[in-house]
Amino acid sequence: MRSSKIKNIIILMLLLVNAFLLVLVGGRSWHSRQTLRETGERMVVILERNGVEFLPREVPGELELPPRRVQAVPLDREGAALLLGQVKQMEDGRVRTRFAGTMGTAITTASGEVEVQFLPGSGLDEAAGLALLEQLGVTVEETGRSREGDMTTVLARQLWEGSPMPDAVVVMTLRGEELESLSFRRMVSTGEAPAAGETITAATALARFLEELNQEGYVCSQVREVYPGYSLSGSTAVTLSPTWYVETDAWPWRFAVDGVTGQVSAADNG
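Residue numbers 23 to 292, in the working numbering, belong to the letters of the sequence shown in order.
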C-alpha cells in the first residue's frame, strides 16, 4: 500500500515537472513571438519616417527555409516527346540540344533552361501548358500578364517545395487561346545543403533594405510585399539559399536580402 502511494507521488511530481516545463517553453515561445512583432512594428515606423509606406498587414518573423542543393536537368527525349509529341529530330550540340517534333521545337541547355515553340494548330491552351509543366516537375505561381492585340504574355515564378524562386521565371505566350511558346528551367533535388549560419528576421532584412536605399540612392514610396524565398547560384549544380524578398512600387522593383549575411541585391522585376 505504501509502495503504491510512493509511486503515485512520484508520478504526480513528474506530471508537475512536465507541466512546469511546458509552461516555461510556451512562455519563452510567446515572448519570442511578441519580441518579433514589436521589432517589426518599430521597423514599420522607421520606414514611414523615411517616406516609405509599408502596405503588408504585418512584418513576417523568422526565416525558416533550409538551404537546398539541386541539379539542373536538361530536357531529354522523353520530356521532349511529352511537350512536342513524336520527336522527329534531335540535334545534340556542345552548348545546347534541339528537338523537333510533330507539335513544335524545343531547345535545352546544360543549365536546365528550356525554350519551346509550338506550331499553330497544336490544340494546347494555357491550362494544358500548366499541366505539361507539372508533369515535368515544374510548379509555378503567376506574377503578372499583359496583352497586346491577340497576344497574351503570362509571367510566373517557379516554386521549390511551395517557396518562390523569383529568379526562375516562366514565360508563356498565347495567341488567342492557343499556346505559342513556353520557357522554364528544370531542376531536381540532391538534398539539403549545410546551413551557412543563423538566418536573419524580416525586420532585420527591412533594415538592410532601407540602408541600401539610402546608400545607393534608390527611390521608392511603398513596400508592397515581403516574403521568404530562394535565390539561385550555380549553373548545373545549383544552391538554393534562403532569402528575404522586398517588392516595391518603383524600379528596380524587387530587392533580395540574403537570409544569412544580410547582403542586398536589386533585380528589375518590372
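A virtual CB, placed ideally from N, CA and C, is assigned to each residue, including glycine.
Reduced DSSP secondary structure (H/G/I, E/B, other) of Trp52:
For Trp52, the predicted structure reports a pLDDT of 42, less than 50, and the residue's modelled location is therefore unreliable. The matter cannot be settled from this model.
Determine which residues share a DSSP beta bridge with Leu196 and list them.
DSSP, once it has assigned bridges, lists Thr174, Leu201 as partnering Leu196.
Measure the Cβ-Cβ separation of Val193 and Gln180 and say whether it is below 8 Å.
Not closer than 8 Å, so no.
Of the listed residues Glu220, Ser211, Pro274, Ala217, nearest to Glu238 (C-alpha basis)
Residue Pro274 is the option with its Cα nearest to Glu238.
Along the chain, where does the beta strand (DSSP E) containing Gln139 start, and where does it finish?
The continuous beta strand (DSSP E) containing Gln139 extends over residues 135-140.
Cβ-Cβ distance between Leu228 and Val248 below 8 Å:
Contact: yes.
Straight-line CA distance for Gly198 to Gln139?
The straight-line gap from Cα to Cα measures roughly 15 Å.
Can you confirm whether the region 198-210 touches the region 143-152 when touching is taken to mean that 3 or more C-beta pairs between the two stretches lie within less than 8 Å?
Contact between the region 143-152 and the region 198-210 is present, because at least three Cβ pairs lie under 8 Å.
Is it buried or exposed, Ser263, if we count other Cβ atoms within 10 angstroms and call 16 or more buried?
Result: buried.
Going straight from the alpha carbon of Gly134 to that of Gly251, what length do you get?
When rounded, the distance between both Cα atoms is 20 Å.
Closest by C-alpha distance to Thr270, when choosing among Val74, Leu58, Val67
Of the listed residues, the one whose Cα sits closest to Thr270 is Val74.
Cβ of Arg91 within 8 Å of Cβ of Ala215?
For the pair Arg91 and Ala215, the CB atoms are nearer than the 8 Å cut-off.
Okay, do the region 104-111 and the region 120-129 touch, 3+ Cβ pairs below 8 Å being the bar?
Yes, the region 104-111 touches the region 120-129.
Span of the beta strand (DSSP E) holding Gly126?
From DSSP, the beta strand (DSSP E) with Gly126 extends over 126-131.
Answer with buried or exposed for Met173, where buried requires no fewer than 16 other C-beta atoms within 10 angstroms of its C-beta.
Exposed: under 16 other Cβ atoms inside 10 Å.
State buried or exposed for Ser253, treating a residue as buried only when at least 16 other CB atoms are found within 10 Å of its CB.
Buried is the call here.
With 16 other Cβ atoms within 10 Å as the buried cut-off, status of Glu234:
With 16 or more Cβ atoms within 10 Å of its Cβ, Glu234 is classed as buried.
So Phe121 and Leu97 are supposed to be a Cβ contact under 8 Å. How far apart are they, rounded?
That pair is a contact at about 7 Å.
Per DSSP, the bridge partner or partners of Met112
Answer is Phe121.
Residue nearest to Ala132 in terms of C-alpha spacing, selected from Ala259, Gly159, Thr195, Arg64
Per the Cα distances, Ala259.
Hey, Glu84 and Thr223 are a contact pair by Cβ (cut 8 Å); roughly how many whole angstroms apart?
Contact check for Glu84 and Thr223: beta-carbon distance about 6 Å, within the 8 Å limit, so the pair qualifies.
With burial defined as no fewer than 16 other Cβ atoms inside 10 Å of the residue's Cβ, what is the status of Gly281: buried or exposed?
Gly281 is buried by the Cβ-count criterion.
Answer with buried or exposed for Glu70, where buried requires no fewer than 16 other C-beta atoms within 10 angstroms of its C-beta.
Glu70 is exposed by the Cβ-count criterion.
If the criterion is Cβ atoms closer than 8 Å, does the pair Val136 and Ser205 meet it?
In terms of Cβ geometry, Val136 and Ser205 form a close pair [threshold 8 Å].
Per DSSP, which one or two residues make a beta bridge with Pro88?
DSSP links Pro88 through a beta bridge to no other residue.
Work out the CA separation of Thr57 and Thr15 for me, nearest whole Å.
Residue 15 cannot be examined here, being either before or after the span of the chain that is shown, 23 to 292.
Where does Ala153 land, buried or exposed, given buried means 16+ other C-beta within 10 angstroms?
By the 10 Å Cβ count, Ala153 comes out exposed.
Cα separation between Arg167 and Glu63?
The alpha-carbon atoms of Arg167 and Glu63 are separated by roughly 33 Å.
If the criterion is Cβ atoms closer than 8 Å, does the pair Thr265 and Pro89 meet it?
No. Outside cutoff.
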